[in-house]
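**Q** Before I ask anything, here is the structure I am working with.
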Amino acid sequence: MTIEPNEILFYFLIISFSIQVFYFLFFYLRLSFHKNLNLKTKFPISVIIAARNEENNLKEYLPLILNQDYSTFEVIVINDRSWDDSSIVLKDLQKKYDNLKIVENPDLGKDGFAKKMALTLGIKAAKYDNLLFTDADCKPSSPLWISKMSEGLNNKDIVLGAGMYIKKKGILNNFIRFDTIFIALQYLSMAKAKLPYMGIGRNLGYNKDIYEKIRGFKNHYHIPSGDDDLFVNETANSNNTSVIFCKDSITFSNPKKNFKEWLNQKRRHNLTGTYYRLFHKFLLILYPLTLIIFYASLFLFSYYNLKLTFYLLASRFILQILVFIKPFIIMSCRDLLILASVYEILLILLYPLFHIKKQKI
Numbered sequence: 024m025t026i027e028p029n030e031i032l033f034y035f036l037i038i039s040f041s042i043q044v045f046y047f048l049f050f051y052l053r054l055s056f057h058k059n060l061n062l063k064t065k066f067p068i069s070v071i072i073a074a075r076n077e078e079n080n081l082k083e084y085l086p087l088i089l090n091q092d093y094s095t096f097e098v099i100v101i102n103d104r105s106w107d108d109s110s111i112v113l114k115d116l117q118k119k120y121d122n123l124k125i126v127e128n129p130d131l132g133k134d135g136f137a138k139k140m141a142l143t144l145g146i147k148a149a150k151y152d153n154l155l156f157t158d159a160d161c162k163p164s165s166p167l168w169i170s171k172m173s174e175g176l177n178n179k180d181i182v183l184g185a186g187m188y189i190k191k192k193g194i195l196n197n198f199i200r201f202d203t204i205f206i207a208l209q210y211l212s213m214a215k216a217k218l219p220y221m222g223i224g225r226n227l228g229y230n231k232d233i234y235e236k237i238r239g240f241k242n243h244y245h246i247p248s249g250d251d252d253l254f255v256n257e258t259a260n261s262n263n264t265s266v267i268f269c270k271d272s273i274t275f276s277n278p279k280k281n282f283k284e285w286l287n288q289k290r291r292h293n294l295t296g297t298y299y300r301l302f303h304k305f306l307l308i309l310y311p312l313t314l315i316i317f318y319a320s321l322f323l324f325s326y327y328n329l330k331l332t333f334y335l336l337a338s339r340f341i342l343q344i345l346v347f348i349k350p351f352i353i354m355s356c357r358d359l360l361i362l363a364s365v366y367e368i369l370l371i372l373l374y375p376l377f378h379i380k381k382q383k384i
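What follows is the structure, given as structure tokens:
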């Protein structure tokens, strides 16, 4: 029995479409129905920030964290080998805020340990057991940021939050924000599906017990990055991880200003993905792979049945809008929703560039 080309294309099209629908309904839809705990009981929190040459960001964003509406918390800033005026800025702020603790990490000419050394010093200096992490170039979306994120550490070891980039003009900014929101959709929804695989250092929390249990960053200390995603990949499981997702729990950072900087950032971040658990890597590659197969099959099959290809394309578009609309609104990316399918395709075409080993470009 001979199988015609249109039959083969039809099978590829239906299978890839079905897998795409599975991701939308089994994973991404969970964020649309997410509800936070809204607990009234509060416990002390240590917010830890590693900062290197961040004097301007410290002036602008650190007061937003120091003035959080929360009963008991400290903010520990590790001045990580800075050669700008970060030290002066921090000392001036310390005069105004008694909950600010400064940890100096001097430059000893050894850069191999990077951010992990700074965070280790900050964790050792923390007087509270529950730790919340963000970056010096991040600003919380609300004075309730600590309050909301701390809820996730109630009877859990790890809490995952979303970290977005500030909206600015230009197509590159749209790409960066869409890429970031899609990554957030993946790791937050998979965590809600009891498959946590990563978190981001711009908005992450955990307690000292789990940190000490695995001896901190020891197992991946030789890797320059991974203080956030590799730590979560190693420690998180279906029972010890929570997700906090609302407008008050988001952090926002300044995006890269040009494509070269963003490309280098993406390459650096993607270096850690090779160390993820095998099943996590399978789930992460299956979605873009089936998306490519879906559009390729759709294009070729349209020669045989234009009406069916239109129905499938329209169905996926509508489903994507319905599933993404609430998360996009929460993460202040409503303007990217209608063109989500276009950004998605273009980003997937760029993926090979993201995985090329870092070189001079």
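If you want the working numbering, it's the position in the sequence shown, counting the first as 1, plus 23.
In this text, a Cβ means the ideal position worked out from N, Cα and C, and glycines have one as well.
1. Rank G228, N102, Y299 and F254 by C-alpha distance to the C-alpha of Y151 and give the top, closest one.
2. How long is the line joining the alpha carbons of S261 and I181, rounded to whole angstroms?
3. Just verifying my parser: in three-state terms, what is the DSSP assignment at M187?
4. Label V365 either buried or exposed according to how many other C-beta atoms from any shown protein chain fall within 10 Å of its C-beta, with 16 as the threshold for buried.
5. CA-CA distance, S265 and F50?
6. Under a three-way DSSP split, which group does Y299 fall into?
7. Examine the Cβ distances between the segment 99–114 and the segment 191–209 and report whether three or more of them are shorter than 8 Å.
8. One question on the structure: do D160 and N277 come within less than 7 Å of each other, judged by their Cβ atoms?
9. Between F268, F347 and S355, which lies nearest to V44 when the distance is taken from Cα to Cα?
10. Considering just the uninterrupted stretch of the alpha helix (DSSP H) at L345, what are its terminal residues?
11. Taking the continuous alpha helix (DSSP H) assigned at L116, which residues delimit it?
12. Residues in the same chain with beta-carbon distance under 7 Å from L176, minus the five sequence neighbours each way, listed in chain order, please.
13. Assuming D250 contacts G222 under a Cβ cut-off of 8 Å, what Cβ separation, rounded to an integer in Å, is found between them?
14. Identify, in the order they occur along the chain, each residue of the same chain with its Cβ nearer than 8 Å to the Cβ of S143, setting aside the five sequence neighbours on each side.
15. Report the start-end ranges of each beta strand (DSSP E) in the segment 202–256 that is 3 residues or longer and not cut off at the edges.
16. Name the DSSP beta bridge partners of A73, please?
17. Using a threshold of 7 Å, state whether the C-beta atoms of I316 and F35 are closer than that.
18. When you compare each of K283, L294, P311 and A214 to H57 by their alpha carbons, which one comes out closest?
19. Can you tell me where the beta strand (DSSP E) holding K58 begins and where it ends?
20. Contact between the segment 61–70 and the segment 359–375: three or more CB pairs below 8 Å?
21. Can you round the beta-carbon distance between N90 and I125 to whole angstroms, since I take them to be within the 8 Å contact cut?
22. On the three-pair Cβ rule with 8 Å, is the segment 328–339 touching the segment 162–171?
23. Over what stretch of residues does the alpha helix (DSSP H) that includes K124 continue unbroken?
24. Please determine whether the Cβ atom of A141 lies at a distance below 6 Å from any heavy atom of the ligand NAD.
25. Check each candidate in L323, L359 and Q209 and name the one with the smallest Cα separation from H303.
26. Residues in the same chain with beta-carbon distance under 7 Å from P311, minus the five sequence neighbours each way, listed in chain order, please.
**A** This is what the structure gives:
1. G228
2. 11 Å
3. strand
4. exposed
5. 15 Å
6. coil
7. no
8. yes
9. F347
10. L329 to I353
11. S109 to K119
12. N153, V182, G228 and N230
13. Wrong, their Cβ atoms sit about 10 Å apart, outside the cutoff.
14. Inspection of the sequence shows that residue 143 is occupied by Thr rather than by Ser. Only G239 and F240 meet the Cβ criterion.
15. 227–230
16. I101 and D158
17. yes
18. A214
19. Per DSSP, K58 belongs to no beta strand (DSSP E) and is neither H nor E.
20. no
21. So it is not a contact: roughly 17 Å between Cβ atoms.
22. no
23. Here K124 belongs to no alpha helix (DSSP H); instead the beta strand (DSSP E) covers L123 to N128.
24. This structure lacks the ligand NAD, and indeed carries no ligand of any kind.
25. Q209
26. I371 and Y374
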